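Residue numbers (UniProt numbering): 1 to 112.
Don't be surprised by glycine CBs; every beta carbon is placed ideally from N, CA and C.
For clarity, every value in this text was computed on a predicted model and none was experimentally measured.
For reference, the structure is listed below as structure tokens.
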């Protein structure tokens, strides 16, 4: 975004003026409530700079973390993962429909 000039075309947010970021009692700007350590990793897979697969990378990384799998350092197979995730979503939808589950939302029912 920085390289494209996006931030030059938009107004910057003055965080100090937003009440959501002020302490209710003192009115002072709040600092970090829960500090955390940042660990920089080397030798893990990375997205190519001209690639548009960031969503696939995020989904794969979340899957690795939730399954407690070591993040591989081999090249990323984005085509395979897109197909895999699409298949998993399709299977989930058909299993849900076959079992008679209905989503609990306020959307009107679509006629077939």
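Neighbourhood of residue 91 by C-beta distance below 8 Å, restricted to the same chain and skipping five residues each side: none
Check: residue 84 C-beta below 7 Å from any heavy atom of the ligand PLP: By its list of ligands, the structure shown contains no ligand whatsoever, and the ligand PLP lies outside what it can speak to.
Assumed close pair residue 66, residue 43 - CB separation to whole angstroms, cut-off 8 Å: Actually they are not in contact, since the Cβ atoms of residue 66 and residue 43 sit about 22 Å apart, beyond 8 Å.
Which of helix, strand or coil DSSP assigns to residue 18: coil
Opening and closing residue of the alpha helix (DSSP H) in which residue 93 lies: 78 to 98
CB contact flag (residue 78, residue 56, <8 Å): yes
Chain-order list of residues whose beta-carbon lies under 8 Å from that of residue 47 (same chain, five-residue window excluded): 53, 54, 57, 76
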